[in-house]
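Heads up, the sequence shown is in full-length UniProt numbering, so the first residue is 1 and it goes up one at a time.
Ideal Cβ positions, reconstructed from N, Cα and C, are used throughout, including at glycine.
These numbers were taken from a predicted model, which means no experiment stands behind them.
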Amino acid sequence: MFDGDFLTSEEFPTAESVRDAVGALIRQTLLAKPSIKDLLDRIEYCWVLYDVSLYYRRRDANRVFVTVNANASTRRLAKQKKAQSSSVSTAEGTSAEREYLNFSHYFNFRSSIASLRPHQVMAINRGVKRKVLKKQFTVPQSWLSEFLAATAKLMGKSGCNEAKAFVANCTKTCYTKVVRPRLVSRLWNKASKLARIHAVECFATNLESLLLTAPVKGHSIIGVDPGFTNGCKYAMISAQGDILATGIFYLPQVNNSRFHVAISEFCDFAVCHRCDRIAIGNGKGSKETVAYLKCLIREKRFKDLDIRWRVVNETGSSVYSISSSAELEMPELSPNLRSAVSIARRVLDPLSEYIKIGPASLSVGMYQHDIPSSVLKTTVDMVVEQCVSFVGVDVNTCSVDLLEHVTGLNKKTAKAICEFRQKNGPFVCRYQLKCVKGVSEHAFQMCSGFVRIHGKHDDSSAAWRPNPLDATSIHPESYPIVESLLVAKRMHLMDLYDEQCRRSFVQWLSEPNDEKISLVSKCNCSISASLQFIAESLQNYGVSSVFSCSSFDLQPSADVGTIGELQRGTVLQGTVKNVTSFGVFVDVGVGRDGLIPTRLLPTAVSLRVGNEVRVSVRQVDVVKNRFDLCLIECI
């Protein structure tokens with residue numbers, strides 16, 4: 001009989017302790033066997049890399065399920081709310097109540113791991129981490145039978161019945177306490193890893209769209225951070241991003257003694273600095289601010305200015321305004337006024353301004369707060385470099401944060417360029433960069449192709465003359481070729497500032513002849529590629545600097561201020577704020593973004609951050625402070 005009494009010692013004084021030690025040794029030996037390791041790897045391979053529902057012909061008995069429910073404290077809160085017969089919205093109530101509503105969709109939730117979508121995995125992990133949810137797993141019985149069969153081959157059939165029973169019990173214990181939890185953990189970790197990868201890709205796609213928002217060039221801009229009690233903070237900036245004036249005005253709804261004086265100062269400053277574009281933050285008070293500014297425009301308070309306004313996403317501006325970099329950049333301004341400057345500059349040069357804001361504060365992508373900050377930082381750097389390579393940077397408006405991402409420059413030289421610009425005024429041409437301390441000939445050769453200067457034709461006898469090619473992706477090394485082609489076309493370099501002349505030149509380039517081939521053959525590159533590149537660069541000339549009035553005059557089609565005022569079927573216009581795997585979020589001006597579920601989006605439609613859309617309200621949930629939309633059309 002296997003009682004273990006004859007094996008007792010000082011270290012294992014009882015038969016029970018001996019049996020436990022032997023059982024642990026058996027489990028350790030089993031897990032070290034190559035055949036057992038291969039079995040576990042095979043099970044994991046089948047359940048992770050393949051859709052189990054297809055691999056096993058949708059037999060639920062052979063699928064790994066995760067069951068999610070509320071934890072004990074959340075269930076108590078639910079019972080308490082039910083007993084009180086009261087409801088709470090996500091905009092009100094305690095943090096526990098808000099968490100309850102946010103994760104209520106995952107109460108009594110069950111799905112196979114293979115069927116889970118990335119956002120569901122991320123949501124479950126967040127709920128478990130916040131102790132709102134708990135998850136359990138149901139695994140196939142075949143796991144146990146396969147494991148027992150594999151261990152039986154290793155252990156053999158010799159020995160008495162009681163010894164066999166002891167070994168079998170050790171094997172089952174090994175499966176229950178070690179193998180099953182380990183397999184489940186590995187499966188869930190891989191599902192979580194894939195979900196995080198998807199979330200990072202989603203963040204990168206949305207960030208790229210945000211950074212490539214068309215800038216507004218050649219205009220002085222007013223940024224307004226709306227507010228009631230503390231007033232509407234405003235900042236006026238020049239076409240180069242320099243701060244011209246700041247201040248506060250108050251809405252008529254606020255009883256303030258400085259109401260008339262403050263609004264007169266605001267209008268006078270706008271006229272004095274010729275600020276004809278107004279960017280209004282989309283925060284609290286945005287609707288009222290828009291209505292009041294429209295009233296001021298009708299009353300001709302801005303005199304002869306052709307004022308155009310637009311509601312702008314202010315996400316992250318308040319976070320940036322209290323950061324150390326904002327304090328270093330604008331030490332003389334209070335955080336409220338810095339926020340207004342940020343709103344104005346993100347219209348002037350979105351690429352340059354948005355990169356100042358922390359990745360997690362941009363509110364693009366999904367579950368970015370659950371992604372390691374180092375991963376987000378790496379993703380931001382990668383996306384910024386891609387954007388710089390794609391559209392270049394406006395050296396007269398860009399920040400140090402953006403300029404240091406340009407090939408050939410670093411933080412020191414980027415700072416020197418910005419200081420040179422502040423001291424000597426805007427750069428006139430690319431060659432002027434050579435005057436900046438630290439920008440060597442090698443650095444100039446590397447960075448000049450990515451630097452843009454949107455200068456206009458100037459007949460003054462200045463030391464530096466503007467060059468229309470500086471606004472393109474054509475490198476200075478190729479300027480002689482373009483100039484030779486212009487001579488052959490009997491055109492002057494400055495003619496390229498004229499849109500009609502550019503079109504004529506591009507059309508001429510698309511028709512190769514011996515003369516053009518002879519001119520281009522002087523450079524060591526493909527003739528057709530060179531002509532095509534020059535043509536495309538000139539064709540895209542000034543695309544980022546051409547101001548589109550229509551994009552700055554999007555008018556809401558309904559005067560709706562809050563979610564409570566929304567009705568099913570209401571038609572609204574809005575701006576796409578975020579695109580995720582489960583839907584598209586649209587800002588329609590009610591203080592909360594509406595969701596167009598993915599299943600309701602036409603397959604032929606591909607929306608990106610910044611797209612203007614017309615939508616209709618599908619359903620409203622005031623309790624959860626949410627509403628769904630249907631896409632009508634892209635504007």
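In three-state terms, what does DSSP make of residue i?
i           : result
T575        : strand
N102        : helix
T138        : strand
N336        : helix
R298        : helix
residue 636 : Given a span of 1 to 635 for the chain in the structure shown, any question on residue 636 remains unanswerable.
R626        : strand
E633        : strand
G449        : helix
F582        : coil
V439        : coil
I113        : helix
A463        : coil
P597        : strand
F427        : coil
Y234        : strand
V364        : coil
G561        : coil
T176        : helix
D41         : helix
A239        : coil
F228        : coil
V254        : coil
G408        : coil
D349        : coil
A152        : helix
V200        : helix
V506        : helix
Measure the alpha-carbon distance for residue i versus residue j and round it to whole angstroms.
i           : j    : result
R274        : I222 : 10 angstroms
residue 640 : A245 : Past the edges of the chain, shown from 1 to 635, lies residue 640, and the structure says nothing about it.
V506        : A535 : 5 angstroms
K129        : Y367 : 13 angstroms
E483        : A414 : 30 angstroms
W188        : C295 : 57 angstroms
Y541        : K434 : 24 angstroms
S545        : S504 : Residue placement at S545 is flagged as unreliable, the pLDDT there being 39, under the threshold of 50; a coordinate-derived value is accordingly withheld.
I343        : D394 : 18 angstroms
T378        : H405 : 13 angstroms
Q422        : A443 : 21 angstroms
N467        : K489 : 18 angstroms
V271        : S352 : 27 angstroms
S440        : G425 : 21 angstroms
S115        : V132 : 22 angstroms
S325        : P118 : 35 angstroms
K37         : V311 : 59 angstroms
I371        : I297 : 45 angstroms
S323        : T171 : 58 angstroms
residue 641 : Q619 : The structure shown does not extend to residue 641, since the chain is modelled only from 1 to 635, so the question has no answer here.
G285        : S339 : 15 angstroms
V341        : S112 : 49 angstroms
M382        : V200 : 12 angstroms
residue 648 : L631 : Beyond the ends of the chain as shown, which are 1 and 635, falls residue 648; an answer cannot be given.
Determine the extent of the beta strand (DSSP E) in which residue i is found, giving its start and end residues.
i    : result
V619 : What sits at residue 619 in the sequence shown is Gln, not Val. E612 to D621 is the extent of the beta strand (DSSP E) around Q619.
V132 : Taken as a continuous stretch (DSSP letters only), V132 belongs to no beta strand (DSSP E), as it is neither H nor E.
A70  : F65 to A70
For the alpha helix (DSSP H) that contains residue i, what are its first and last residues?
i    : result
F420 : K411 to N424
S220 : Counting along the chain, S220 falls outside any alpha helix (DSSP H), though it belongs to the beta strand (DSSP E) covering S220 to D225.
C398 : Here C398 belongs to no alpha helix (DSSP H), and DSSP marks it neither H nor E.
V605 : Taken as a continuous stretch (DSSP letters only), V605 belongs to no alpha helix (DSSP H), as it is neither H nor E.
L566 : Taken as a continuous stretch (DSSP letters only), L566 belongs to no alpha helix (DSSP H), as it is neither H nor E.
F107 : F107 -> no alpha helix (DSSP H), and no H or E assigned at all.
Within 7 angstroms (strictly less), CB to CB, does residue i reach chain C?
i    : result
F228 : Reference to chain C is not applicable here, since this structure consists of a single protein chain.
Looking at C-beta atoms only, is the number of pairs between the segment 571 to 587 and the segment 195 to 206 that lie closer than 8 angstroms three or more? These segments touch.
Would you call the segment 423 to 443 and the segment 463 to 482 in contact, with 3 or more CB pairs under 8 angstroms? Result yes; three or more Cβ-Cβ pairs closer than 8 angstroms.
Determine, using beta-carbon pairs with one atom in the segment 189 to 201 and one in the segment 245 to 259, whether at least three such pairs fall under 8 angstroms. no
At least three beta-carbon pairs within less than 8 angstroms, the segment 231 to 245 to the segment 357 to 376: no
What alpha helix (DSSP H) runs, 4 residues minimum, are completely inside the segment 261 to 320? 286 to 298
How about the segment 223 to 231 and the segment 333 to 348: do they share at least three Cβ pairs that are nearer than 8 angstroms? Segment contact: the segment 223 to 231 against the segment 333 to 348, three or more CB-CB distances shorter than 8 angstroms; contact assigned.
For the 8 angstroms Cβ check, are there 3 or more pairs between the segment 179 to 188 and the segment 306 to 315? no
Contact between the segment 607 to 617 and the segment 583 to 591: three or more CB pairs below 8 angstroms? Verdict: yes, contact present.
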